[in-house]
Every structure is written in C-alpha cells, then in structure tokens.
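Working notes, structure below.
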Amino acid sequence: MNVVALDCLEWMNNSEPFKDEVCGIGGIFRGVNSSRLPNIHYSRRFISSALMAEAIAVRSAVMKAASSNIRSLTVYSDSRVLISMIKTKETRPALYGILFDIFYFSSLFETISFMFIPRLENSEADLVAKSALAAVDNLSVDGV
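For the sequence shown, full-length UniProt numbering begins at 1 and goes up steadily by one.
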C-alpha cells in the first residue's frame, strides 16, 4: 500500500491593494512504489479558502499517483471536512471541478482510501508545505 500525507498552509498578504491569498502545498509519498513519486511541493496564489487549498492538494496527489500507475493509495489530510466530503461524494459549488477530478482519478485505483490525520501527527508534510509557502513569501503579486 502506498500512502500520501498532505498539508496546506495559507498566508494572506493584506498590504496589497487587493486580497492575495497564497497557500503552500506539501505532500509526502510513502510505500512500495513511492520512490517513483517525488514529494508534492508548490504554492498557489488566489486560493479562496483553506478547504479549496486542501482539495487542490488531494487532487494533486491522486492525479500524480494515478499517472504513475500506482494501484493502491491511502490519502491523509488534516481537513476533516474535506475527507468527509470525499467519502460521502458531497460537492459544493466552489469545489465542484476539483472534487470531480478527485472522484474521477480515484476510480482509476484498485483500492483508495481517504483518512483524516491531525496536524500534529502530520509534521513531515507540514514542513514541506511551509517550505513551499516560504518560497513565495518574498515575491510580489506582479512577480517583481
């Protein structure tokens, strides 16, 4: 079984003339085939909520594992709400496209499960997300 632990950290820069929300996304793959999968480590701008950031992280992990022909996966996230939504196939308008992708790519696995993990037990993925967030901390919105 392969597992991925995910974390997202949000940062808001309210000194700009408009609200710029940035999130750092981090994920650690572990398991039999995890050597084929590099860590997930990137940041995204203009994320409207923490729930959306977590959903983007889960989508990234599921897509990356599916495209690497991983057949079984357990996804850990510290978003209890998102894990519940995925398990019950609940959707919300702001997350419809992201959740649709998660549901579609999940169907490509022989086995897949989604589990809640408390943030304190997810410190390794938390560090990866912090480093992704730190990489954009000094950037301005226009890239200068």
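Cβ atoms here follow ideal geometry from the backbone N, Cα and C, with glycine treated the same way.
Everything numeric in this text was worked out from a predicted model, so none of it was measured.
Out of S77, G31, I25, the CA that lies nearest to the CA of L120 is found in S77.
The alpha-carbon of R92 is positioned some 9 Å away from that of L99. The same chain holds no residue with a CB closer than 6 Å to that of P38 once the five nearest residues on each side in sequence are set aside. Residue environment for G97: exposed (fewer than 16 other C-beta atoms within 10 angstroms of its C-beta). With respect to the 7 Å criterion, R71 and I102 are not classified as neighbours on the basis of their beta carbons.
Within the model, the alpha-carbon separation for T88 versus I25 is close to 24 Å. When C-alpha distances from P118 are compared across I86, E110, A53, S79, the shortest belongs to S79.
Annotation: F109 to K64 spans about 12 Å, alpha carbon to alpha carbon. Inter-residue distance for F46 and V22 is about 6 Å (C-alpha atoms, whole angstroms).
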